[in-house]
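Down below is the structure, laid out as structure tokens.
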Amino acid sequence: MNYRHHFHAGNFADVMKHVLLLQLLTRLNAKDKPYRYIDTHGGAGKYDLSTSEAQKSGEFLTGIHRLVKLDDSIKRNAPEGVKQYLKIVEDMRAGSGKGAYPGSPWFAIEAMRDIDKATIFEMQRDVFQQLYFNIRDKRAGLHERDAYEGLLGVIPPKEKRGLVMIDPPYEVERKDFPQLVELIVAAYKKWPTGVFAIWYPIKDRAMIERFEKKMFKTGIRRQLVCEVCVWPDDTPVGLNGCGLLVINPPWKFSEDADEALQWLFPHLRMSENGGHAAVRWLVGE
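Each residue of the sequence shown is one higher than the one before, starting from 1087 at the first, in this note's numbering.
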């Protein structure tokens, strides 16, 4: 997978990740106390799907494009998280053109309250400059820094509550994501009450099983797996699906996630046979 996210912006994996992100923040908003949102790989914050990069991959056509084209009567019956997601996209496009698409930091800032704060990392110089231009919000601190070493320096935050979104460049990972597991274990040790959401691609089921086995062996409790696979596991397309591993999910989030993914799956699936959407506990209480 190409690290440059504008090739993949708005694809089915983005749809899944951003809908679940909004649902996580909605649950955090239910309590009065402020929280910190931390994005380890923030990207540009905003994308233009009419650019040559996005047009070349065309991945958004089987993601956000499918949802936007749905009849209003169908969208009205969508779960709240999906409705919120579509409204944020529509609002951005009303001001920036129909090719505009938000990144994770943009969705998060739209969902946060005035009392909440964000810390956003991006290590690629040119992408960070775009992030700096796109995200202009006094609640957000932007850092041109490698989150693999930077994250441990900012947790636990002074708010004590919060969410860490981790979506690293997986081409630098190997096999069962050993660097990622190491980061998660170290971060959890420093902030055992934080919510951690780790997005990952599903291209090889055996590799994902090894990753899950490694995460199980960490001893970390309350690990929830959210998955959507738009192709059957044995389809050689490069990206069959994606997952979001959530550690310490907020109350009722598992139900929110399952409702959203079951609604999204028939609209995003690429094959009439096979594929799935599922939410399950890898490790319980």
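No residue lacks a Cβ here, since even glycine has one placed at the ideal position from N, Cα and C.
Supposed close pair residue i, residue j - CB separation, criterion 8 Å
i     : j     : result
D1202 : P1120 : 5 Å
H1127 : D1253 : 5 Å
L1114 : R1307 : The Cβ separation is near 19 Å, so there is no contact.
Y1171 : H1229 : With a Cβ gap of about 26 Å, Y1171 and H1229 do not count as contacting.
G1185 : L1135 : 4 Å
E1139 : F1093 : 5 Å
I1195 : D1177 : Wrong, their Cβ atoms sit about 12 Å apart, outside the cutoff.
L1354 : C1312 : Rounded, the Cβ-Cβ distance is 14 Å, inconsistent with contact.
L1106 : A1273 : Not a contact, Cβ separation roughly 19 Å.
Exposure of residue i, with buried meaning 16 or more beta-carbon neighbours within 10 Å
i     : result
N1088 : Here N1088 scores only 37 on pLDDT, less than 50, and its place in the model should not be relied on; the value that follows carries that caveat. By the neighbour-count rule (16 or more Cβ atoms within 10 Å), N1088 is not buried but exposed.
A1180 : exposed
T1137 : exposed
E1268 : exposed
P1159 : Checking the sequence shown, residue 1159 turns out to be Ser, not Pro. Exposed, because fewer than 16 other Cβ atoms sit within 10 Å of the Cβ of S1159.
R1122 : buried
F1098 : buried
W1277 : buried
A1226 : buried
D1118 : exposed
N1359 : exposed
V1323 : exposed
F1214 : buried
F1207 : buried
F1373 : In the structure displayed, the chain extends from 1087 to 1371; residue 1373 sits before or after that span and is not available.
CB contact flag (residue i, residue j, <8 Å)
i     : j     : result
A1130 : L1237 : no
L1310 : A1197 : no
C1328 : W1285 : yes
M1293 : W1317 : no
V1314 : L1266 : no
D1250 : F1302 : Note that residue 1250 is Val in the sequence shown here, rather than Asp. Contact: no.
A1188 : K1244 : Checking the sequence, you will find Pro at residue 1188 rather than Ala. Not closer than 8 Å, so no.
A1283 : L1330 : yes
V1411 : I1174 : Residue 1411 lies beyond the stretch modelled for the chain, which goes from 1087 to 1371, so this question has no answer here.
L1110 : V1281 : yes
T1205 : V1168 : no
D1320 : R1296 : no
P1191 : D1125 : yes
V1332 : T1304 : no
The alpha helix (DSSP H) enclosing residue i, as first and last residue numbers
i     : result
V1105 : F1098 to N1115
A1272 : P1264 to K1276
L1368 : That residue, L1368, is in no alpha helix (DSSP H); its beta strand (DSSP E) goes H1362 to V1369.
I1284 : Per DSSP, I1284 belongs to no alpha helix (DSSP H); it is in the beta strand (DSSP E), V1281 to I1288.
Proximity test, Cβ basis, 8 Å: residue i and chain D
i     : result
W1192 : This model lacks chain D altogether, as it is built from one protein chain only.
| field | Minimum length 3: unbroken beta strand (DSSP E) runs contained in the region 1224 to 1256 | value | List check, beta strand (DSSP E) in window: 1226 to 1229 and 1248 to 1252.
| Considering only residues of the region 1179 to 1213, which uninterrupted alpha helix (DSSP H) runs meet the minimum length of 4 residues and lie entirely inside it, listed in chain order? | The region 1179 to 1213 contains these whole alpha helix (DSSP H) runs: 1190 to 1197.
| Which runs of the beta strand (DSSP E) spanning at least 3 residues fall entirely within the region 1299 to 1360, listed in chain order? | Here the runs fully enclosed are 1309 to 1315 and 1327 to 1333.
| message | If we require 3 or more residues per run, which beta strand (DSSP E) segments fall completely within the region 1113 to 1145? | response | Positions of the beta strand (DSSP E) runs, each at least 3 residues long and wholly inside the region 1113 to 1145, are given as 1122 to 1125 and 1132 to 1134 in order along the chain.
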